[in-house]
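Asker: So the protein sequences, as listed, match chains L and C. Taken in order, the first sequence gives residues 28 to 342; the numbers are from this note's numbering. Taken in order, the second sequence gives residues 361 to 1172; the numbers are from this note's numbering. The beta carbon of each residue, even a glycine, is placed where N, CA and C say it ideally should be.
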Amino acid sequence: MITGRLYDIQGFSVQDGPGIRTTAFLKGCPLRCPWCHSPESQSFAKQLSWMNMRCLGLDACSSRCMKACPKDAIEVGPKKMDIASGTEVTTIHVKRDLCDDCGKCADACYAEALTLCGKDWTPEDLIARLMQDKNFYDNSGGGVTISGGEPLCQIDFVVEVLKGLKANGVHTALDTTGFAPWEALERTLPYVDLYLYDLKHMDNEKHKTVVAVPNKIIHENALKLAEAGKALQIRIPVIPRFNEDEENIRATAEFCVKLGDSVKMVQLLPYHNLGVMKYLRISDGKPVEAVPPSDEKMEQLRELMASYGLNVTIH
Amino acid sequence: MYQNAPISERVQKIRRMYRDKKPKIDISRYRLVTEFYMDNPQLPGILKRAKNLRNLFENMPTPVRDHELIVGHPGEEFRSSAVYPEHSFFWFLDEIDIFPTRDVDPYDLDPEDKEYILKTGEFWLKNSTCAAIDEVFPDEYYRDILGNGVLNFGPKNNSGSPIGHYCGNFWKVVDKGLGSILEEVRAKKADMLEKGLQGDEGQKFQFYRAVETVTEGIIIYTKRYAAECERQAAVCTDPVRKAELLQMADSLNWIMEKPCRTYHEALQACFLYQLGLLLDSQPHGISYGRLDQYVGKYAERDIAEGRLTKEQAQELTDMFILKVAEINKVWSTGATKSGPGYTSGQLITLGGVDRDGNDATNVATYMIMQSSARLKLHNPPLALRLHEGTPEELWEAGIETTKQVGGVPCFEWDDIAMESLMRRGITLEDARNYCLIGCVEPCVCGCDFANSGGDGNNAYTILPAALWCAINNGTNPMAFGRGGNQEVKLELKPTGPQCGYLYEMTSMQQVLDAYKTEMDFFTKWQVSMINCYEYLYAMRNPLPLLSATMDGCLESGKDVLWGGAKYNGAGNSSIGHGTVADSLNIIDQVCFRDKIASTRELYDALINDWEGYEDLRQYIVGRCSHFGNNDPEADKYLKFVADTYSEGITRGISPRGCHWSAGCWPVTLNVVMGMFTAATPDGRHAGAPLSDGISPVQSMDKSGPFATINSILKFDQANYANGTLCNMKFHPTALQGAEGDKKLRAVMETYFKGGGMELQINVVSANMLREAQEKPKDYEDLVVRVAGFSAYFVEVYKEAQDDLIRRTEMSV
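1. From the DSSP output, read off the bridge partner residues of Y224 (chain L).
2. Step through the CB atoms of chain L and report whether any lies within less than 8 angstroms of the CB of F1149 (chain C).
3. Establish whether the CB of A1067 (chain C) and some CB of chain L are separated by less than 8 angstroms.
4. Exposed or buried, M729 (chain C), counting other C-beta atoms within 10 Å across all chains shown (16 or more means buried)?
5. Closer than 8 angstroms, Cβ to any Cβ of chain L: which residues of the segment 1113–1136 of chain C, in chain order?
6. Would you decide whether G537 (chain C) is buried or exposed? Buried here means 16 or more other CB atoms lie within 10 Å of its CB.
7. Listed in chain order, which residues of the segment 157–176 of chain L have Cβ atoms closer than 7 angstroms to some Cβ of chain C?
8. What's the call for N270 (chain L), buried or exposed, on a 16-neighbour Cβ count within 10 Å?
9. Could you check what DSSP says for P992 (chain C) in three-state terms: helix, strand or coil?
10. Run through DSSP, which three-state label would K1074 (chain C) get?
11. Would T236 (chain L) be called buried (16 or more neighbouring beta carbons within 10 Å of its own) or exposed?
12. Kindly list the residues whose CB is nearer than 7 angstroms to the CB of T959 (chain C), restricted to its own chain and excluding five residues on each side of it in sequence; keep chain order.
13. Considering only C-alpha positions, which residue in the set L:P178, L:P97, L:N275 and L:D134 is nearest to D127 (chain L)?
14. Beta-carbon of G1064 (chain C) versus every beta-carbon of chain L: anything under 8 angstroms?
15. Among the residues of its own chain, which have a CB less than 7 angstroms from the CB of P267 (chain L), if the five just before and after it don't count?
16. Less than 8 angstroms separating the beta-carbons of N722 (chain C) and P383 (chain C)?
17. Excluding the five sequence neighbours on either side, which residues of its own chain have a C-beta within less than 7 angstroms of the C-beta of L221 (chain L), listed in chain order?
18. Report the rounded CA-to-CA distance for I154 (chain L) versus L192 (chain L), giving the unit in angstroms.
19. Helix, strand or coil for K381 (chain C), going by three-state DSSP, please let me know.
20. With distances taken Cα to Cα, identify the nearest neighbour of H1045 (chain C) among C:G860, C:G982, C:L453 and C:E971.
21. Can you pull the chain L neighbours of K1103 (chain C), defined as C-beta to C-beta under 9 angstroms?
22. Using the beta-carbon count (16 or more within 10 Å), is K849 (chain C) buried or exposed?
23. Alpha carbon to alpha carbon, what distance is there between T1004 (chain C) and I1072 (chain C)?
24. Would you say E139 (chain L) lies against chain D (beta-carbon separation less than 8 angstroms)?
25. Chain C partners of A87 (chain L), CB-CB under 9 angstroms?
26. Along chain L, which residues have their Cβ under 7 angstroms away from the Cβ of N1070 (chain C)?
27. Is it a yes or a no for the segment 769–781 of chain C touching the segment 378–398 of chain C, going by three-plus beta-carbon pairs under 8 angstroms?
28. What ranges does the alpha helix (DSSP H) occupy inside the segment 737–790 of chain C, keeping only unbroken runs of at least 4 residues that lie completely in it?
29. To the nearest angstrom, how far is the alpha carbon of D124 (chain L) from that of G982 (chain C)?
30. Going by beta-carbon coordinates alone, are N248 (chain L) and L212 (chain L) separated by less than 8 angstroms?
31. Express the C-alpha separation of S1055 (chain C) and A1067 (chain C) in angstroms, rounding to a whole number.
32. Below 8 angstroms on the Cβ atoms is my contact criterion, and I expect S933 (chain C) with G1023 (chain C) to pass it. Report the Cβ-Cβ distance as a whole number of Å.
33. Please confirm whether V443 (chain C) has its beta-carbon closer than 8 angstroms to some beta-carbon of chain L.
34. Sorted by chain position, which residues of the same chain lie with C-beta nearer than 7 angstroms to N195 (chain L)'s C-beta, five sequence neighbours on each side aside?
35. What residues from chain L crowd round N990 (chain C), counting only those whose CB sits closer than 7 angstroms?
36. Just the chain L side, please: which residues come within less than 7 angstroms of T1110 (chain C) by C-beta, in chain order?
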């Protein structure tokens, strides 16, 4: 039986396509964007996640996680202020070198501070779950967005889910990096109403160095989607010192123009550091942080791209 | 795109005054009423009330302030509060020293005024209606069921508030003038005397006499304001102001008696009529109803015929709304906690349809909303009626206003509200003419005496306490009595039907049966108590000015309290749907379905407030399913809880012959009542807040807003003719710009079309609220909706602030 691995499902998604939507986030991605705000989306494996905010403290739960861990991978960690009780409590630290993500501590953690990120779904179950929100899609002109990670990496599962959604009359969007064999993307053509398509950098070397994969196949796939007459919403994460220079933005705009009428909208997504805390949930390290681009800078870029006759929005 | 109109300099100034002025207590009304009552012990019920009101109309101060175009205030000073001793006064005397310094809604009191009150106050301890209430309540309540916690009636000094929660008939004042009523009532009297007072006409005659007395009175009151304007005009050196004063005097000499001629007059007439209702009783859920419908056509005509520019019309509207905001009421400190933020609760309803079902939006609808948004006023609260034909522009205005003011207006869906009214026996045409009164209670405007607030203090049924009686052989383990302002610890004993203990129960059905038995028992008692209270009020405190105008009363010769109105209602509210739904679901899961703990273990855990059972508590909170996540197993108990209460209370019949109505609007009493409720099976600790409105337990709806809404929609809200309340909070980030407005609208429509009645939207973030706690000065204008009305967040007391923050956190 086919299953797919998700790391989250979010209702009331307001920025992932038209209307209000529910977005299913698939786990695993071949790219390694240093600014990624969902680090848990990168690995295909299930990962132990620890949320400091939810931890009740070792005294409150009688150290259930420590007792459950067969690898002694959980040790006494930093103290924190518990808002509810107003007292200081002792939290934990996961020794990542010992942890094998078996999830036994997560089973023991009722407060859901420790969770195993990644849940396997059958297409039928996921479709049923997504259909629960149908009344919201219908009233808002919304639908479902399949996102990731890179959903095309789980193509068999994705095609089944999309098929099911279309059979139920749901508007579908696929949020993709475009980094997949055309054969995979091609299979989605009959079932996707809108592609949310990322363009991170036009220069192949830079692309390869920074996000770990070349951009050639991404560009080719975009052209093929356009040729197939599919609707595209181009998404450009605006990352300081990486792709925000005029040369790259102009090159991106020119590429969008080449894609023609397929491009319904270009979204400029300013870098933000809200995801930084998420790294600490699954690892000991934080990524390099940058200063988010200013509103003025974003507006400049918007105007620059719009001067190519494109429909450009920020966010 | 919706835009705020500019605010005139004059309005800016009044608004600043309003925000800067610390309110004081004005004893003009107190002095007049006290002297009148002391001098007239011989007068019986309705005549005493009528002549007392007449005396107020003839002798209350008639302040006309330099900045005003619309006049009227129940006292000398700006933003002052009158005192209403006839209903209950012991609490006022108890708290008289702390009013100026208490942390929520303080009021100044001049030393000589305080001295007068202390000198005379004792009179009211025996002469207020509240002093007689314990005489009419059944002895059996005090003997057998005191301390049950489901009902609030305590050992003494119950029911400190008068009958409130009603809406007058403004059309008669604005379109006809009360001169027409005087003619009618004088003719009736003459006719009766000619035929002789037959049968019960001795009583009817007193009613008509009372109506004549107060109707003449309010016309006199209006003309006294005219005289004050003339007096000021005579000595005014500023020609512009002088002209204004003379025009105001001309209007005040005309209106009230005769039909209004202009928008300005319509607003002024509405204000003084409402002020008359407030003077007769007190601000206690007395609502404006469909203000835009009373005054809109006058505004449209004045603008069309060039008498007013749009800017002038807006300025008048702003000044009217600021006048309503200026009205204050000193509440007891306890009551202030449930309705904080200097509010007099005069709810205004906008929008909706006319009697033929056509959209009723007019220019006043938008102007009133503009006043609220631009002036950032939580008071008066606004309700916006929405329906399939609501114009785009009004949707946008409503959503933009709620984004700017936070929770103002609240939104009501016509289909469900009207359906609930029709289940009360109201015709479709009349149901279309509904407004919201008090907090969120649907009521037909001008012909329906819905008494939706019971006796005020005890209009609530606390469901989690009934659950406790059900699983503890009829005994509430935190038995207390709220005697007036004091909480008294009571002896533990069975106060409800003895259905056994949880540890004796062997099936879920037994638990459910026990809960239903308790609920049927306590809803019956709720009805019994309030019906006795109504008996007392019908005798002692009829409402002659309201009855003079309310459709049906003149025809039947009966005061509204005697059942004279065309339609009658009696309402109640419940608290803790979510808490009980989750608790039942948890008992089922933990003890019967999954057998995680025995009924004995769970019972012991609850009795010991989870002490020694923390693991079990954490399991319940973290691992069990909870209502609010669109899980059918969990949500079926919401329907059970909602239906058990509404069926029980709706069985009741009021003294005015109608059935009672169910409601669910806790104000912030879910926090206060939580303090007196023992630990509940959903993992809640003793003393923690109960669930809010019809929403899931705080932080237990973990599956996002769609799931929350779909869960809430699983009971039939049209069975709640006394209104439901659903709070929803959004991060500002989720709703940016015009696109955000559309998306919020889609969420709202999904809720309404799925059977939702009312929504209150707060667009705030938890961090913003936390920062507001720390730096209240920077957040002076942040308004949050805490039930049927809104308050400035910084003026809400700490526990309620914390509760709001917790609830906001969940949406992150």
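Answerer: Considering the structure as presented:
1. To locate residue 224 (chain L), count along the first sequence from 1; it is residue 197. Beta-bridge partners of Y224 (chain L) (DSSP): L:T203 and L:I261.
2. Sequence index remark: in the second sequence, residue 1149 (chain C) carries index 789 (1-based). Annotation note: pLDDT 40 at F1149 (chain C) (below 50); position unreliable, coordinate value reported separately. Not one chain L Cβ lies under 8 angstroms of F1149 (chain C).
3. Counting from 1 along the second sequence, the entry for residue 1067 (chain C) is found at position 707. Cβ-Cβ to chain L under 8 angstroms: yes for A1067 (chain C).
4. Mapped onto the second sequence, residue 729 (chain C) falls at position 369. By the 10 Å Cβ count, M729 (chain C) comes out buried.
5. Answer set for the segment 1113–1136 of chain C: K1113 and G1114.
6. Stepping through the second sequence from its first residue, residue 537 (chain C) is reached at position 177. So G537 (chain C) ends up on the buried side.
7. Q159, D160, N162, F163, N166 and S167
8. The sequence position of residue 270 (chain L) within the first sequence is 243, counting from 1. Its Cβ being crowded by 16 or more others within 10 Å, N270 (chain L) is buried.
9. Working through the second sequence from its first residue, we reach residue 992 (chain C) at position 632. Under the three-state reduction of DSSP output, P992 (chain C) falls in the helix class.
10. Counting from one through the second sequence, the residue named residue 1074 (chain C) turns up at place 714. Residue state, collapsed to three classes: coil.
11. Looking up residue 236 (chain L) in the first sequence gives position 209. Label assigned to T236 (chain L): exposed.
12. Start at 1 with the first residue of the second sequence, and residue 959 (chain C) comes out as number 599. Closer than 7 angstroms at Cβ, skipping near neighbours: L862, Y863, M865 and C951.
13. Position 100 of the first sequence holds residue 127 (chain L). Nearest of L:P178, L:P97, L:N275 and L:D134 to D127 (chain L), Cα basis: L:P97.
14. What you label residue 1064 (chain C) is simply residue 704 of the second sequence in a count that begins at 1. Taking Cβ atoms only, chain L reaches closer than 8 angstroms to G1064 (chain C), which makes this a yes.
15. Within the first sequence, residue 267 (chain L) is the residue found at index 240, counting from 1. Y298, A317, V318 and P320.
16. Walking along the second sequence from the start, residue 722 (chain C) turns up at place 362. Walking along the second sequence from the start, residue 383 (chain C) turns up at place 23. Taking a C-beta distance under 8 angstroms as the contact criterion, N722 (chain C) and P383 (chain C) do not qualify as a contact pair.
17. Looking up residue 221 (chain L) in the first sequence gives position 194. Excluding positions up to five away in sequence, the list reads G44, A200, A258 and Q260.
18. The residue given as residue 154 (chain L) occupies position 127 in the first sequence. The residue given as residue 192 (chain L) occupies position 165 in the first sequence. Near 7 angstroms, if we compare the C-alpha coordinates of L192 (chain L) and I154 (chain L).
19. Reading the second sequence from its first residue, position 21 is the one you call residue 381 (chain C). For K381 (chain C), the secondary structure class from DSSP, reduced to helix, strand or coil, is coil.
20. As a first step, residue 1045 (chain C) is located in the second sequence; it is residue number 685 there, counting from the start. Nearest option by C-alpha distance: C:E971.
21. Along the second sequence, one-based indexing puts residue 1103 (chain C) at 743. Within 9 angstroms Cβ-Cβ: F39, V41, G46, I47, S167 and G169.
22. Looking up residue 849 (chain C) in the second sequence gives position 489. With fewer than 16 Cβ atoms within 10 Å of its Cβ, K849 (chain C) is classed as exposed.
23. In the second sequence, the residue the question calls residue 1072 (chain C) occupies position 712. In the second sequence, the residue the question calls residue 1004 (chain C) occupies position 644. So the two alpha carbons sit approximately 16 angstroms from each other.
24. Absent from the structure: chain D. Protein chains present are L and C.
25. To locate residue 87 (chain L), count along the first sequence from 1; it is residue 60. Chain C residues near A87 (chain L): E974 and Q978.
26. Position 710 of the second sequence, counting from 1, holds the residue named residue 1070 (chain C). Going along chain L in sequence order, the residues near N1070 (chain C) (Cβ under 7 angstroms) are Q159.
27. no
28. 752–765 and 774–782
29. Looking up residue 124 (chain L) in the first sequence gives position 97. Looking up residue 982 (chain C) in the second sequence gives position 622. Distance between the alpha carbons of D124 (chain L) and G982 (chain C) is about 28 angstroms.
30. Residue 248 (chain L) sits at position 221 when you count from the first residue of the first sequence. Residue 212 (chain L) sits at position 185 when you count from the first residue of the first sequence. Taking 8 angstroms as the Cβ cut-off, N248 (chain L) and L212 (chain L) qualify as a contacting pair.
31. Within the second sequence, the letter at position 707 stands for residue 1067 (chain C). Within the second sequence, the letter at position 695 stands for residue 1055 (chain C). Rounded to the nearest angstrom, the two C-alpha atoms are 12 angstroms apart.
32. In the second sequence, counting from the first residue as 1, residue 933 (chain C) sits at position 573. In the second sequence, counting from the first residue as 1, residue 1023 (chain C) sits at position 663. Going by Cβ atoms, the distance from S933 (chain C) to G1023 (chain C) rounds to 4 angstroms, so yes, they are a contact pair.
33. Reading the second sequence from its first residue, position 83 is the one you call residue 443 (chain C). So, not an interface residue.
34. Sequence index remark: in the first sequence, residue 195 (chain L) carries index 168 (1-based). Answer for N195 (chain L): M158, listed in chain order.
35. Mapped onto the second sequence, residue 990 (chain C) falls at position 630. Within 7 angstroms Cβ-Cβ: Q159.
36. As a first step, residue 1110 (chain C) must be located in the second sequence, where it is residue number 750. Those within 7 angstroms of T1110 (chain C) in chain L are N162, F163 and N166.
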